[in-house]
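Line order of the protein sequences matches chains A and B.
Take the first sequence: its letters are residues 1 to 615, numbered as in the numbering used here.
Take the second sequence: its letters are residues 616 to 730, numbered as in the numbering used here.
Note sheet for the following structure.
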Amino acid sequence: MNTTTGASVLAPLVVVVPIVTGALLLAIGRSLPRWALDAVAVAGAATVLALDAVLLDAVSGGRVVTWSGGWTPHAGATVGIALVADRIGVGAALLAAVLITCALIYSWRYYEDAEAHFHVMLLLFLAGMTGFALSADLFDMLVFFELMGALAYALTGFRVEAKAAVQGGLNFAIVNSFGAFMTLTGIGMLYSRTGQLGLAQLSEALAGHRADALVVAAFVLVCTGWLVKAAAAPFHFWTADAEAVAPSPVCAVFSGVMVVLGVYGVARVYWTVFADALPEGPVRRGLLAVGILTAVLGGVMAVAQRNLKRLLAYATIAHVGLFLIAVGVLSSDGVAGAATYAAGHAGVEGSLFLLAGIVLNRYRSVDELELHGRGQPGSVLAWLMVLDGLCMAGLPPFGVGLGKGMCEDALSHEGFGWGPYLFVAVSALTGGAVLRATGRIFFGFGAEPTEEERQGSARQMSGEDDEETEGRLHRVPASMLIAVLVLMAGGLTIGTVPGFGRVMEAAAERFVDTHGYVDQVLHGIAPVPLHPADTWWTLAGVLLDVLSTAFAIGVAAVGLHFRRLPGRLRSPVTSLRPVLDGLRTLHSGHVGDYLAWLVVGVSALLAIVGLPVLA
Amino acid sequence: MLAYLVGGWLLLFGGWGIVRSRNLVHSVVCLSVSQAGTYVLLVGIGYQKGATAPVFGAVAPPRHYGPVVDPVVQAMTLTDIVVAATVTALLLALTIQIDKTHGTVDPDRLRELRG
């Protein structure tokens, strides 16, 4: 009993600690020297990290439920609001704490003139993400969602004197806010039907009734907000704008965990509230359709970029698509695969954004063509980027490769034979794009770009107002390198820890157990022990990973030496150019266009999920 | 029923305004119009005919009062108004910065972020 009580204090604590630390810094930050500011902020984030780790251990047997104010349910009825911690939720919170800690350590030397605001915003951002991951109440989820949103917009536009940054922040804010209104409308519809807001209470109220138009619309609308945050197509347009212009350590947090929390929100709400109320088929089709569109679009657009940060943003979008596909299979294997993949991806993508920040600082640009051959070929930076590029493509035995393999297995197991092909293609495209950029910048591979190309369209976006730091650093400071190495090491080693797959499998089984969730939260019934399958590396997974890594190297080589290819090989790619140009035109940077696409996306999802249910 | 229609109408009409907007200040106001739609919807959900405001005195127990409208949706609305105020302030600040750096607040003429 004592351990449960102890653990149930932890869930609110991980939300409160960053808020209190942030408030403290805001109050006394002005009178503190910079090193003390950094120390307090890092200590606050690291405390959350440690508490998350303790909580992760405490939930190994099931879930930890905390009713705020002690409003525990009586006979299944309650007016209380709960935080429910389970392995997947706490894992997401832990990921957020790791990334925020690394971003703070990295910013130590990055923003030498940053005032306390930057630290405070990162800490509050952490509170928002943690609360979103642990909340068991739909409206609370939305409030935490808006908290992380508001801070994310402010962080994106942090360099207020930069042209692109303020525009990116504004686009992000308008599109995300509109998504949040959609979610709020959905929540209102559910409340009007059931009079409940808690996930477990909603689940009980909706179960056993035939799904009607209101339930379907509520599901789609609630998911819209989460999907906007997840950067799923066609709600993704803000992502590249925001991540190309936000400070690099902030980008690492955005793409490592914030967008992943969007996918988490969809999965959480589906399995706790709607799993019994909606038929599986239409929901699966809806999620798979969104996932495939997102993955393909992200992969293609990543290859088409020459701005390194924009390239990484599209690589994130592509991977979100893959996570959505894995979750969309609606099996616990898929969730386990997606969670593993997301953890590995956070390490790789996060460290790549931090490396891009170092490149930007040293060479005053992140434009691949402009920087052609300007990097030092033998530097640590170069090899770290090569390793990250290979890992992104799925090089075994690292985390991304393991997650990708688990997702592919889950897809084939459920009869989606096309799944592995798509996963191999998309990871080869994104990894290849990273390798190509690295090859160009650091090794001077490929043809020397013409003067016209150097001054090309992306020039504006990496112009002088892209400078994120004050002076130019002559060598990479140890604090920046430590942050990069911690993220990489984390992302890589999870693939090599025996038993990691099994732990994820158990976490996922708990996650998708709708009845177990409701029983424990509302009726205090202890969860049954699980006997998860021991999934880890499989031969097929390793082979597919090697294959996608090889393809990625191929994609990079083709990208670098495109003009030397015989015309017969070039023509199929050249003939695709109009399609690519069309896609580029869609990403217009115009917030009105983005909103129009959002509405199109909602209507399409309503049709895909709604029509078969109501027919 | 009318409240739901008005709420939905405001939500979509605000969105339409953002799509068609030629001025970012106008876009931000349209966003607020959209959000007002969600408030109308929420308050409409809690409405009961003949009920009074959900304010209880400390002395008399609640049963001495007549029916009241649902306080939960009102609390939700209030929470969201607070969020909206923050976001609107932030958006207007960004708009001022866009005007300073780009020299225009017409989204059609912002050409920084493409492709």
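Even glycine gets a Cβ: it sits at the ideal position worked out from N, Cα and C.
Bear in mind that the values here come from a model prediction, so they are computed numbers and not experimental data.
Taking the alpha-carbon positions, what's the residue i to residue j distance?
{"i": "A:LEU565", "j": "A:VAL573", "result": "11 Å"}
{"i": "A:ASN2", "j": "A:ILE525", "result": "At A:ASN2, the pLDDT of 44 sits below 50, so the modelled position is not reliable and the matter cannot be decided from this model."}
{"i": "B:LEU728", "j": "A:ASP241", "result": "6 Å"}
{"i": "A:ALA295", "j": "A:LEU322", "result": "6 Å"}
{"i": "A:PRO247", "j": "B:LEU617", "result": "46 Å"}
{"i": "A:SER457", "j": "A:ALA326", "result": "Only weak support exists for where A:SER457 lies, its pLDDT of 48 falling under 50; the value from the coordinates is given anyway. Their Cα atoms are separated by approximately 36 Å."}
{"i": "A:ALA244", "j": "B:ALA651", "result": "32 Å"}
{"i": "A:GLU453", "j": "A:PHE445", "result": "16 Å"}
{"i": "A:SER548", "j": "A:VAL555", "result": "10 Å"}
{"i": "A:GLU464", "j": "A:SER365", "result": "Residue confidence for A:GLU464 is low, a pLDDT of 37 falling below 50, so the modelled location carries little weight; the figure read from the coordinates is stated next. Roughly 8 Å between the two C-alpha positions."}
{"i": "A:ALA546", "j": "A:LEU330", "result": "Here residue 546 of chain A turns out to be Val, not Ala, going by the sequence shown. If you take the alpha carbons of A:VAL546 and A:LEU330, they lie about 27 Å apart."}
{"i": "A:PHE235", "j": "A:GLY378", "result": "40 Å"}
{"i": "A:LYS309", "j": "A:PHE144", "result": "27 Å"}
{"i": "B:LEU627", "j": "A:ASP212", "result": "22 Å"}
{"i": "A:GLY401", "j": "A:ALA489", "result": "14 Å"}
{"i": "A:VAL257", "j": "A:TYR314", "result": "15 Å"}
{"i": "A:VAL484", "j": "A:LEU126", "result": "19 Å"}
{"i": "A:VAL613", "j": "A:VAL216", "result": "8 Å"}
{"i": "A:ALA447", "j": "A:ALA437", "result": "13 Å"}
{"i": "A:ALA207", "j": "A:PHE423", "result": "35 Å"}
{"i": "A:CYS407", "j": "A:ALA338", "result": "6 Å"}
{"i": "A:ARG570", "j": "A:GLN305", "result": "19 Å"}
{"i": "A:TRP597", "j": "A:GLY415", "result": "31 Å"}
{"i": "A:TYR594", "j": "A:PRO529", "result": "46 Å"}
{"i": "A:GLY432", "j": "B:TYR654", "result": "47 Å"}
{"i": "B:SER636", "j": "B:PRO722", "result": "8 Å"}
{"i": "A:VAL512", "j": "A:GLY91", "result": "15 Å"}
{"i": "A:GLN460", "j": "A:PHE398", "result": "Residue confidence for A:GLN460 is low, a pLDDT of 45 falling below 50, so the modelled location carries little weight; the figure read from the coordinates is stated next. Whole-angstrom Cα-Cα distance: 37 Å."}
Which chain B residues are close to residue i, counting only those with a beta carbon under 8 Å from its beta carbon?
{"i": "A:ASP241", "result": "LEU728"}
{"i": "A:GLU453", "result": "The contacting residues do not exist; A:GLU453 stays about 15 Å from chain B at best."}
{"i": "A:HIS590", "result": "PRO722, ASP723, LEU725"}
Residues of chain B with a CB under 7 Å from the CB of residue i: which are they?
{"i": "A:THR185", "result": "LEU626, THR653, LEU656"}
{"i": "A:GLN167", "result": "ILE713, LEU725, GLU727, LEU728"}
{"i": "A:LYS163", "result": "THR716, HIS717, GLU727"}
{"i": "A:VAL160", "result": "GLN712"}
{"i": "A:GLY225", "result": "None at all; the shortest Cβ gap to chain B is about 11 Å."}
If residue i and residue j are in contact, beta carbons under 8 Å, what's the gap, nearest whole angstrom?
{"i": "A:SER412", "j": "A:PRO420", "result": "6 Å"}
{"i": "A:PRO12", "j": "A:LEU124", "result": "Contact flag wrong, Cβ pair sits at about 16 Å."}
{"i": "A:ALA318", "j": "A:ALA302", "result": "6 Å"}
{"i": "B:THR710", "j": "B:VAL634", "result": "That pair is no contact at about 17 Å."}
{"i": "B:GLY622", "j": "B:VAL648", "result": "So it is not a contact: roughly 11 Å between Cβ atoms."}
{"i": "B:THR701", "j": "A:GLU161", "result": "With 8 Å as the limit, B:THR701 and A:GLU161 do not qualify as a contact, their Cβ atoms being about 22 Å apart."}
For residue i, which residues in chain A fall below 8 Å Cβ to Cβ?
{"i": "B:ILE660", "result": "GLY188, TYR191, SER192"}
{"i": "B:GLN650", "result": "SER177, PHE181"}
Listing by chain order, which chain A residues have their CB less than 7 Å from the CB of residue i?
{"i": "B:THR694", "result": "VAL143"}
{"i": "B:MET691", "result": "PHE139"}
{"i": "B:LEU705", "result": "ALA150, TYR153, ALA154, ALA173"}
I want to verify the contact list: residues of chain A whose CB lies under 9 Å from the CB of residue i, in sequence order.
{"i": "B:LEU646", "result": "ALA173, ILE174, SER177, PHE178, PHE181"}
{"i": "B:GLY630", "result": "PHE178, PHE181, LEU595, ALA596, LEU598, VAL599"}
{"i": "B:THR710", "result": "VAL166, LEU170"}
{"i": "B:LEU620", "result": "Near B:LEU620 there are no residues of chain A at all, since even the closest Cβ is about 13 Å away, more than 9 Å."}
{"i": "B:LEU617", "result": "Those do not exist, as B:LEU617 stays about 15 Å from chain A at its closest Cβ, beyond 9 Å."}
Just checking: is the beta-carbon of residue i within a distance shorter than 8 Å of some beta-carbon in chain C?
{"i": "A:TYR153", "result": "Given the protein chain composition of this structure (A and B), no chain C is represented."}
Is the beta carbon of residue i within less than 7 Å of some heavy atom of the ligand NAP?
{"i": "A:ILE28", "result": "Among the components modelled here there is no ligand, and therefore nothing to report on the ligand NAP."}
At a CB-CB cut-off below 9 Å, which residues of chain B make contact with residue i?
{"i": "A:GLY628", "result": "The requested residue 628 of chain A is not part of the displayed model; chain A covers only 1 to 615."}
- [ ] Tell me, please, whether the region 71 to 78 of chain A touches the region 13 to 26 of chain A by the rule of three or more beta-carbon pairs shorter than 8 Å.
- [x] A contact is defined here as three or more CB-CB pairs under 8 Å, and the region 71 to 78 of chain A fails this definition with respect to the region 13 to 26 of chain A.
Open item on the list: Any contact between the region 355 to 364 of chain A and the region 500 to 517 of chain A? By contact I mean 3 or more CB pairs, one from each, below 8 Å.
Closed with: They do not touch, by the three-pair rule.
TODO: Evaluate contact between the region 279 to 288 of chain A and the region 368 to 375 of chain A, counting only Cβ atoms and requiring at least three cross-stretch pairs below 8 Å.
DONE: Proximity of the region 279 to 288 of chain A to the region 368 to 375 of chain A falls short of the contact definition, fewer than three beta-carbon pairs being nearer than 8 Å.
- [ ] Give a yes or no on contact between the region 166 to 173 of chain A and the region 100 to 112 of chain A, applying the rule of three or more CB pairs nearer than 8 Å.
- [x] Here the region 166 to 173 of chain A does not lie against the region 100 to 112 of chain A, with fewer than 3 beta-carbon pairs under 8 Å apart.
Task: the region 129 to 142 of chain A contacting the region 192 to 201 of chain A, beta-carbon criterion three pairs below 8 Å - done: They touch, by the three-pair rule.
Task: Stretch-stretch touch, CB-based, cutoff 8 Å, three pairs: the region 348 to 356 of chain A with the region 267 to 277 of chain A - done: Taking a cut-off of 8 Å on C-beta distances, the region 348 to 356 of chain A does not touch the region 267 to 277 of chain A, as fewer than three cross pairs fall below it.
Task: Touch test, the region 589 to 608 of chain A against the region 215 to 234 of chain A, Cβ-Cβ under 8 Å, three pairs minimum - done: The answer is yes - the region 215 to 234 of chain A touches the region 589 to 608 of chain A, with three or more Cβ pairs under 8 Å.
Task: Those runs of the alpha helix (DSSP H) which lie wholly inside the region 633 to 702 of chain B and span at least 4 residues - done: If we require 4 residues or more, the alpha helix (DSSP H) runs fully inside the region 633 to 702 of chain B come out as 639 to 661.
- [ ] Would you be able to state if there are at least three C-beta pairs under 8 Å between the region 328 to 345 of chain A and the region 381 to 389 of chain A?
- [x] Short answer: they don't touch.
Open item on the list: Under 8 Å: do the region 52 to 65 of chain A and the region 30 to 38 of chain A share three or more Cβ pairs, one atom per stretch?
Closed with: The answer is no - the region 30 to 38 of chain A does not touch the region 52 to 65 of chain A, with fewer than three Cβ pairs under 8 Å.
Open item on the list: Three or more C-beta pairs under 8 Å: does that hold for the region 90 to 106 of chain A against the region 227 to 236 of chain A?
Closed with: Three or more beta-carbon pairs separated by less than 8 Å are not found between the region 90 to 106 of chain A and the region 227 to 236 of chain A, which leaves the two stretches without contact.
- [ ] Report yes or no: do the region 42 to 54 of chain A and the region 514 to 529 of chain A share at least 3 C-beta pairs separated by less than 8 Å?
- [x] Not touching, per the Cβ criterion.
- [ ] Within the region 320 to 382 of chain A, note down every full alpha helix (DSSP H) run reaching 4 residues or more, in order along the chain.
- [x] If we require 4 residues or more, the alpha helix (DSSP H) runs fully inside the region 320 to 382 of chain A come out as 332 to 363.
Task: At least three beta-carbon pairs within less than 8 Å, the region 662 to 673 of chain B to the region 681 to 694 of chain B - done: The region 662 to 673 of chain B, when compared against the region 681 to 694 of chain B, does touch it at the 8 Å Cβ threshold.
Task: Residue ranges of each beta strand (DSSP E) within the region 142 to 223 of chain A, 3 or longer - done: You should have found no qualifying run.
Task: Stretch-stretch touch, CB-based, cutoff 8 Å, three pairs: the region 148 to 156 of chain A with the region 184 to 192 of chain A - done: Cβ pair count under 8 Å is below three, so no.
Open item on the list: Threshold first: 4 residues or longer. Then list the alpha helix (DSSP H) segments lying entirely within the region 465 to 514 of chain A, N to C.
Closed with: With a minimum length of 4 residues, the continuous alpha helix (DSSP H) runs that stay inside the region 465 to 514 of chain A are 478 to 493, 500 to 511.
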